[in-house]
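Everything below concerns the one structure shown next.
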Amino acid sequence: MKTDLQKVLAITGEQGLFTYVSQARNGMIAESMLTGRRSVFGPHAKVSSLSDISIYTEDGETPLKDVLLKMKEALGEADAPEPKSANSVLEEFFGKVLPGYDSDRFYPSHMKKVVGWYNILKKYASLDFEDEEEKKEEEPKEEK
Numbered sequence: 478m479k480t481d482l483q484k485v486l487a488i489t490g491e492q493g494l495f496t497y498v499s500q501a502r503n504g505m506i507a508e509s510m511l512t513g514r515r516s517v518f519g520p521h522a523k524v525s526s527l528s529d530i531s532i533y534t535e536d537g538e539t540p541l542k543d544v545l546l547k548m549k550e551a552l553g554e555a556d557a558p559e560p561k562s563a564n565s566v567l568e569e570f571f572g573k574v575l576p577g578y579d580s581d582r583f584y585p586s587h588m589k590k591v592v593g594w595y596n597i598l599k600k601y602a603s604l605d606f607e608d609e610e611e612k613k614e615e616e617p618k619e620e621k
């Protein structure tokens with residue numbers, strides 16, 4: 478099954494990634510990919526959809542989806558480096574995967590998040606992502 482990055486969420490202050498479940502009266506319900514537990518997050522929670530995240534490069538920005546696909550291409554079936562790896566290991570890895578990343582704005586702390594997200598998606602979801610065009614084709618068309 479393909480992963481919809483719009484429904485995969487990173488929530489500030491929470492471990493791992495979450496999948497959007499539904500809207501709640503006082504926020505939203507999301508399920509942890511790591512534990513499978515559902516939680517309600519209020520309107521003040523800082524929630525980011527992975528589809529909205531980009532990595533700074535010298536040419537501008539590269540969507541996270543493209544970075545994850547480049548990582549998959551470079552790694553094959555192997556896992557990404559551990560998030561607790563030395564900064565030099567992560568910098569060398571991203572130098573191969575995303576040459577031209579902006580080292581002044583894409584910090585090792587960001588790299589740690591990205592490799593952690595990659596490993597979570599690989600283990601609990603899929604690295605095969607839905608395209609926007611595919612989603613539009615699947616939506617029922619309204620009759621006039």
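Each residue of the sequence shown is one higher than the one before, starting from 478 at the first, in this note's numbering.
All residues carry an ideal CB built from backbone N, CA and C; glycine is no exception.
In this text the structure is predicted, and so the values were computed from the model without any measurement.
1. Since Ala522 and Gly504 should fall inside the 8 Å C-beta cutoff, what is the C-beta to C-beta distance between them, to a whole number of angstroms?
2. Short of 6 Å in beta carbon distance, which residues of its chain neighbour Tyr533, apart from the five on each side in sequence? Order them along the chain.
3. Per DSSP, what are the beta-bridge partners of Leu462 in this structure?
4. In the DSSP assignment, what are the bridge partners of Glu508?
5. Residues in its own chain within less than 7 Å of Asp556 by CB, not counting five upstream and five downstream?
6. Helix, strand or coil for Ser531 per DSSP?
7. Who are the near neighbours of Glu538 in its chain, counting only those whose CB is closer than 7 Å to its CB and skipping five residues on each side?
Walking through what the data contain:
1. To locate residue 522, count along the sequence shown from 1; it is residue 45. To locate residue 504, count along the sequence shown from 1; it is residue 27. Indeed, because the Cβ distance is near 7 Å, the residues count as touching under 8 Å.
2. Locating residue 533 in the sequence shown gives position 56, counting from the first residue. If we look at Tyr533 and ignore the five residues flanking it on each side, its Cβ neighbours are Asp579, Arg582, Phe583.
3. Nothing about residue 462 can be read from this structure; the chain reaches only from 478 to 621.
4. For the purposes of this step, residue 508 is taken as residue 31 along the sequence shown, with counting starting at 1. In the DSSP output, where bridge partners are listed per residue, Glu508 has Thr496, Arg515.
5. Taking the first residue of the sequence shown as 1, we reach residue 556 at position 79. Excluding residues within five positions, the ones whose Cβ falls inside 7 Å are Asn596, Lys599.
6. Here residue 531 corresponds to residue number 54 of the sequence shown, with the count starting at 1. If DSSP states are grouped into helix, strand and coil, Ser531 belongs with the strands.
7. In the sequence shown, the residue the question calls residue 538 occupies position 61. Cβ within range, chain order: Ser531, Ile532.
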